[in-house]
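A.B. asks:
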Amino acid sequence: MLARIRRAVAAEGFRTRLADPDSLLHFSVLGLLAGVLAGLSIVVYRFIVESSLGAMLPGGDPENFEALDPSLRFVLVLGGALLLGLIAQLIPPRWRAVGVAHVIDRFNRHSGSMPKGNLAWQFCGGMLCLITGQAAGREGPTVHIGAAVSSIAGNYLKLPNNSIQILVGCGTAASIAAAFDTPLAGVIFAMEVVMMEYTISGFVPIILAAAAGATVARSIFGETLLFSIAPIQPHSLAEMPAIVLLGLAAGTASALFVAVQARALRVRSGLPFTRIAIGGLISALAILAVPEAMGVGYDSLNAALIGELGLLTLVLLAITKLLLSATVSGLGMPIGIIGPTLLIGGCIGGAICKLLGIASLSFHGAESLYVLLGMVAMMGATLNAPMAALTAVMELSGSTSAMLPGMVAVIVANLVCRVLFGQVSTSRNTLEAMGVSITRDPLRRSLERSGVVSLMDRDVLVLEGEPDSAEGLERLRAATNRWAVFSRDRMHWLADRAALCALLEGVDAGDLRERAIEFARPCCDVPAQSSLGEAWQRLQEGAADVACVIEPLALHSVLGIIRRETLADAASGEIFD
Numbered sequence: 371m372l373a374r375i376r377r378a379v380a381a382e383g384f385r386t387r388l389a390d391p392d393s394l395l396h397f398s399v400l401g402l403l404a405g406v407l408a409g410l411s412i413v414v415y416r417f418i419v420e421s422s423l424g425a426m427l428p429g430g431d432p433e434n435f436e437a438l439d440p441s442l443r444f445v446l447v448l449g450g451a452l453l454l455g456l457i458a459q460l461i462p463p464r465w466r467a468v469g470v471a472h473v474i475d476r477f478n479r480h481s482g483s484m485p486k487g488n489l490a491w492q493f494c495g496g497m498l499c500l501i502t503g504q505a506a507g508r509e510g511p512t513v514h515i516g517a518a519v520s521s522i523a524g525n526y527l528k529l530p531n532n533s534i535q536i537l538v539g540c541g542t543a544a545s546i547a548a549a550f551d552t553p554l555a556g557v558i559f560a561m562e563v564v565m566m567e568y569t570i571s572g573f574v575p576i577i578l579a580a581a582a583g584a585t586v587a588r589s590i591f592g593e594t595l596l597f598s599i600a601p602i603q604p605h606s607l608a609e610m611p612a613i614v615l616l617g618l619a620a621g622t623a624s625a626l627f628v629a630v631q632a633r634a635l636r637v638r639s640g641l642p643f644t645r646i647a648i649g650g651l652i653s654a655l656a657i658l659a660v661p662e663a664m665g666v667g668y669d670s671l672n673a674a675l676i677g678e679l680g681l682l683t684l685v686l687l688a689i690t691k692l693l694l695s696a697t698v699s700g701l702g703m704p705i706g707i708i709g710p711t712l713l714i715g716g717c718i719g720g721a722i723c724k725l726l727g728i729a730s731l732s733f734h735g736a737e738s739l740y741v742l743l744g745m746v747a748m749m750g751a752t753l754n755a756p757m758a759a760l761t762a763v764m765e766l767s768g769s770t771s772a773m774l775p776g777m778v779a780v781i782v783a784n785l786v787c788r789v790l791f792g793q794v795s796t797s798r799n800t801l802e803a804m805g806v807s808i809t810r811d812p813l814r815r816s817l818e819r820s821g822v823v824s825l826m827d828r829d830v831l832v833l834e835g836e837p838d839s840a841e842g843l844e845r846l847r848a849a850t851n852r853w854a855v856f857s858r859d860r861m862h863w864l865a866d867r868a869a870l871c872a873l874l875e876g877v878d879a880g881d882l883r884e885r886a887i888e889f890a891r892p893c894c895d896v897p898a899q900s901s902l903g904e905a906w907q908r909l910q911e912g913a914a915d916v917a918c919v920i921e922p923l924a925l926h927s928v929l930g931i932i933r934r935e936t937l938a939d940a941a942s943g944e945i946f947d
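Residue numbers (our numbering): 371 to 947.
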């Protein structure tokens, strides 16, 4: 069955249409399928984690770590870290790159192709982190899982690499939508953080994927709200100073989070086991004093949203969660940081609301507003995703009343983190620690949106071997193709067919080979799955003007050619205008 689907999808007609960035119908079908696939993978991941925690923790509550005996909490966190460190030590080093930063790296430098080994480590390691109560989030791993599942499926079907990149965006959006039930925020997150661009051809399939992912999650888990946010009342201009103060505090906390993580990322000496074990020991000691810092912490966040947490608890929880999550993520634990940033920001917002009450200042609005604003301001500043944060404000609150204060809080937090403290996003931190530099070359990026089969010249006569015989010459004369391609020394050579025929007329049989080689141009080979950007890079590396588009599954048969001038025209927009 799978083989039949693969043959149908990999048919040349379907592949050619996917190589064209304007084939919205075909990309829409892919987006829908990717959304369902990513949504199902997130459902499985979440079900395993929640069912395991429900069976293990008192009362069947998957977040009730606080009810455990302190000694048991210590053993659980430290033992989990030791097991994670042992696994990290045993797996190949190339598998250890996980999370949102890994998705960004693979999207930009590897045409969206994501390895299975990294997916396995993220899936299993992320589950172990959550089940053993590490100060972790689950949304970062789900982004990796959703993007990787979609990418691997596309590679299995031998789809063009430009469509693989779209599938990575679809998987990212679907995973965020399934995790938070915020499909629009998932779309913006995928395009703002991973793809780093907004395009019409990308919007349509990614929107469908986000809707499909959210629908799959709702159908399994129901329409239960992740956060208990009270109705947001219209705010007053008198609250603006307090909201600016909240943005300042969230931006400062974001900068501290990034700085702590950067310091931990620089600890590259020693074995992975040692680094993760140290992170586990620090966490185990810290949760003895602040047990609310264990796990995802959404139960504490919901308590903050309805005003159940006191000022001291909010401050201690924010500080502890910040230091622990930033440290253990930098030391190599395969955790997510989206959830921790939401909890930290929510505690900051709740603390500011409490301080306003203590100071007897008159301000309008429920405590939920300040917690919500703190959540999105902290997340937006830490991940450098202000648009995704603003979209989350509207979707989580179910009201547009929070948009204006949300804009103020998010922008102030981003300015404080980026400008005042000069910090980058956590994803960029991780990439820099890996020695990876993401450069946005406009020419290369514009070419990566299309596949080579969409623009290759098919008017090619492919000769077996070289035109060194009377039979080969007869084929050249009888053909009507513009170009002729022949092979020699495992290389392909290209010539104008008519000109080659004229050149070889009257040449002795023994000289045919050498005269043909003198006239022809050497070509580099580009797989049919490649994007135009990859073809451009191959031409640059091979110092060639022409590339042969080959089909690896058909013994490297030549499907057509792609010329440097064609790529230049495509990049300048002359072809797609």
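Cβ coordinates follow ideal geometry from the N, Cα and C atoms, glycine included.
#1: Since I believe Trp-491 is in contact with Val-468 (beta carbons under 8 Å), could you give me their beta-carbon distance rounded to a whole number of angstroms?
#2: According to the neighbour-count rule (16 or more other Cβ atoms, all chains shown, within 10 Å of its Cβ), is Gly-430 buried or exposed?
#3: In chain order, what residues of the same chain have a beta carbon less than 7 Å from the beta carbon of Gly-456, not counting five sequence neighbours either side?
#4: Write down the C-beta distance between Gly-821 and Leu-395 rounded to the nearest angstrom, noting that I regard them as a contact closer than 8 Å.
#5: Rounded to whole angstroms, how far is the Cβ of Ser-483 from the Cβ of Ser-521, which I believe are closer than 8 Å?
#6: Taking the alpha-carbon of Met-757 as reference, which of Glu-562, Ala-579, Ala-783 and Arg-858 has the nearest alpha-carbon?
#7: Tell me which residues share the same chain as Arg-664 and place their Cβ nearer than 6 Å to its Cβ, disregarding the 5 neighbours each side in the sequence.
#8: Does the stretch 688–708 touch the stretch 622–634, meaning 3 or more C-beta pairs lie closer than 8 Å?
#9: Identify whether Asp-390 lies in helix, strand or coil by the three-state DSSP scheme.
#10: May I ask you to verify whether the stretch 899–915 touches the stretch 523–534, counting CB pairs closer than 8 Å and requiring at least 3?
#11: In the DSSP assignment, find the beta strand (DSSP E) that holds Val-830 and state where it starts and stops.
#12: Taking 6 Å as the limit between beta carbons, can you name the residues of its chain near Thr-761, skipping five residues before and five after?
#13: For Asp-939, report the span of its alpha helix (DSSP H) as first-last.
#14: Closest to Arg-933 by CA distance: which of Val-919, His-480 and Ser-942 is it?
#15: For Asp-439, is the classification buried or exposed, using 16 other Cβ atoms within 10 angstroms of its Cβ as the cut-off for buried?
#16: For His-862, does the three-state DSSP call read helix, strand or coil?
#17: Which residue or residues does DSSP assign as beta-bridge partners of Gly-319?
#18: What are the boundary residues of the alpha helix (DSSP H) that includes Val-741?
#19: Val-628 and Thr-770 - do their beta-carbons sit closer together than 7 Å?
#20: Suppose contacts are defined by Cβ-Cβ distances below 7 Å. Is Ala-584 in contact with Asp-551 by that definition?
#21: According to DSSP, simplified to helix, strand and coil, what is His-734?
#22: Less than 7 Å between the C-beta atoms of Gly-524 and Leu-537, yes or no?
#23: May I ask you to list the residues that DSSP assigns as paired with Trp-853?
#24: Considering Cα atoms alone, identify which of Leu-402, Ile-728, Val-685 and Gly-539 is closest to Leu-572.
#25: Leaving out five residues before and five after Ser-942 in sequence, what residues of the same chain have Cβ atoms less than 7 Å from its Cβ?
#26: I believe Leu-870 touches Ala-848 by the beta-carbon criterion, under 8 Å. Please report the beta-carbon distance rounded to the nearest angstrom.
#27: Checking 7 Å against the spacing of the C-beta atoms, do Met-748 and Thr-711 come in under that value?
#28: Report the option in Ile-599, Ala-582, Ser-421 and Met-745 whose CA atom is closest to the CA atom of Val-406.
#29: How big is the Cα-Cα spacing for Arg-852 and Asp-827?
#30: Go ahead and label Asp-390 buried or exposed: buried means 16 or more other beta carbons lie within 10 angstroms of its beta carbon, across all protein chains shown.
#31: For Arg-819, name the three-state secondary structure that DSSP assigns.
#32: Mind checking Asp-829: buried by the 16 CB within 10 Å criterion, or exposed?
#33: Short of 7 Å in beta carbon distance, which residues of its chain neighbour Ser-422, apart from the five on each side in sequence? Order them along the chain.
#34: Should the stretch 666–684 be regarded as contacting the stretch 597–612, the criterion being three or more beta carbon pairs within less than 8 Å?
#35: Under the three-state reduction of DSSP, which class applies to Leu-929: helix, strand or coil?
#36: Quick one: is the Cβ of Val-822 within less than 6 Å of any heavy atom of the ligand GTP?
C.D. replies: Reading off the structure:
#1: Here residue 468 corresponds to residue number 98 of the sequence shown, with the count starting at 1. Here residue 491 corresponds to residue number 121 of the sequence shown, with the count starting at 1. Sure, about 6 Å apart at Cβ, within 8 Å.
#2: Counted from its first residue, the sequence shown places residue 430 at position 60. By the beta-carbon neighbour count (other beta carbons within 10 angstroms, threshold 16), Gly-430 is exposed.
#3: One-based indexing of the sequence shown puts residue 456 at position 86. Rather than Gly, the amino acid found at residue 456 in this sequence is Leu. Exclusion of the five residues before and after Leu-456 leaves Phe-643 as the residues of its chain whose Cβ lies within less than 7 Å of its Cβ.
#4: The residue given as residue 821 occupies position 451 in the sequence shown. The residue given as residue 395 occupies position 25 in the sequence shown. In this structure, Gly-821 and Leu-395 do not form a Cβ contact; the two beta carbons are roughly 16 Å apart against a cut-off of 8 Å.
#5: Working through the sequence shown from its first residue, we reach residue 483 at position 113. Working through the sequence shown from its first residue, we reach residue 521 at position 151. Right, the Cβ-Cβ distance comes to about 6 Å (below 8 Å), so this counts as a contact.
#6: Looking up residue 757 in the sequence shown gives position 387. Checked all of Glu-562, Ala-579, Ala-783 and Arg-858; the closest Cα to Met-757 is Glu-562.
#7: By 1-based counting over the sequence shown, the position of residue 664 is 294. Sequence check: residue 664 is Met here, not Arg. Phe-435, Gly-503 and Ile-657.
#8: Touching, yes, given that three or more Cβ pairs across the two stretches are closer than 8 Å.
#9: Position 20 of the sequence shown, counting from 1, holds the residue named residue 390. Coil, per DSSP.
#10: The stretch 899–915 makes contact with the stretch 523–534: 3 or more CB pairs, one atom from each, lie closer than 8 Å.
#11: Indexing the sequence shown from 1 puts residue 830 at position 460. Boundaries of the beta strand (DSSP E) around Val-830: 830–832.
#12: One-based indexing of the sequence shown puts residue 761 at position 391. Beyond the five residues adjoining it in sequence on each side, Thr-761 comes within less than 6 Å, by CB distance, of Leu-554, Ala-555 and Ile-558 in the same chain, given in chain order.
#13: As a working note, residue 939 is residue 569 in the sequence shown. Note, Asp-939: alpha helix (DSSP H), 934–942.
#14: Here residue 933 is taken as the residue at index 563 of the sequence shown, counted from 1. Considering only Val-919, His-480 and Ser-942, the residue with the shortest C-alpha distance to Arg-933 is Val-919.
#15: Residue mapping note: residue 439 aligns to position 69 of the sequence shown, counting from 1. Under this definition Asp-439 is an exposed residue.
#16: Taking the first residue of the sequence shown as position 1, residue 862 is located at position 492. Secondary structure of His-862 (DSSP, three-state): strand.
#17: Missing from the structure shown is residue 319; the chain here goes from 371 to 947 and no further.
#18: For the purposes of this step, residue 741 is taken as residue 371 along the sequence shown, with counting starting at 1. Residues 737–753.
#19: To locate residue 770, count along the sequence shown from 1; it is residue 400. To locate residue 628, count along the sequence shown from 1; it is residue 258. No, the Cβ-Cβ distance between Thr-770 and Val-628 is not below 7 Å.
#20: The residue you call residue 584 lines up with position 214 of the sequence shown. The residue you call residue 551 lines up with position 181 of the sequence shown. Yes, the Cβ-Cβ distance between Ala-584 and Asp-551 is below 7 Å.
#21: Along the sequence shown, read from residue 1 onward, the residue named residue 734 stands at position 364. Residue confidence is low: His-734 scores 45 on pLDDT, short of 50, so the model does not pin down where it sits. Its coordinate-derived value is still stated next. When secondary structure is reduced to three states using DSSP, His-734 falls in the coil class, being assigned neither helix nor strand.
#22: Position 154 of the sequence shown, counted from the start, is the residue given in the question as residue 524. Position 167 of the sequence shown, counted from the start, is the residue given in the question as residue 537. With contacts defined as CB atoms closer than 7 Å, Gly-524 and Leu-537 qualify as a contacting pair.
#23: As a working note, residue 853 is residue 483 in the sequence shown. Secondary-structure assignment with DSSP links Trp-853 through a beta bridge to Val-830 and Asp-866.
#24: For the purposes of this step, residue 572 is taken as residue 202 along the sequence shown, with counting starting at 1. The displayed chain sequence assigns Gly, not Leu, to residue 572. Gly-572 has its Cα closest to that of Gly-539, out of Leu-402, Ile-728, Val-685 and Gly-539.
#25: Taking the first residue of the sequence shown as 1, we reach residue 942 at position 572. Nothing listed; no residue qualifies.
#26: Counting from one through the sequence shown, the residue named residue 870 turns up at place 500. Counting from one through the sequence shown, the residue named residue 848 turns up at place 478. A Cβ-Cβ separation of about 13 Å leaves Leu-870 out of contact with Ala-848 under the 8 Å criterion.
#27: Locating residue 748 in the sequence shown gives position 378, counting from the first residue. Locating residue 711 in the sequence shown gives position 341, counting from the first residue. Cβ atoms of Met-748 and Thr-711: closer than 7 Å.
#28: Reading the sequence shown from its first residue, position 36 is the one you call residue 406. Of Ile-599, Ala-582, Ser-421 and Met-745, the residue nearest in Cα terms is Ala-582.
#29: Position 482 of the sequence shown holds residue 852. Position 457 of the sequence shown holds residue 827. Those two C-alpha atoms are separated by around 10 Å.
#30: Reading the sequence shown from its first residue, position 20 is the one you call residue 390. Counting of Cβ neighbours within 10 angstroms places Asp-390 among the buried residues, the total reaching 16 or more.
#31: Stepping through the sequence shown from its first residue, residue 819 is reached at position 449. Three-state DSSP puts Arg-819 in coil, outside helix and strand.
#32: Residue mapping note: residue 829 aligns to position 459 of the sequence shown, counting from 1. Under this definition Asp-829 is an exposed residue.
#33: Along the sequence shown, one-based indexing puts residue 422 at 52. Within the same chain, and ignoring the five residues on either side of Ser-422 in sequence, the residues whose Cβ sits closer than 7 Å to its Cβ are Ile-501.
#34: Segments in contact, yes.
#35: To locate residue 929, count along the sequence shown from 1; it is residue 559. It is a strand residue.
#36: Only the bare structure without any ligand can be found here, which leaves the ligand GTP out of the picture.
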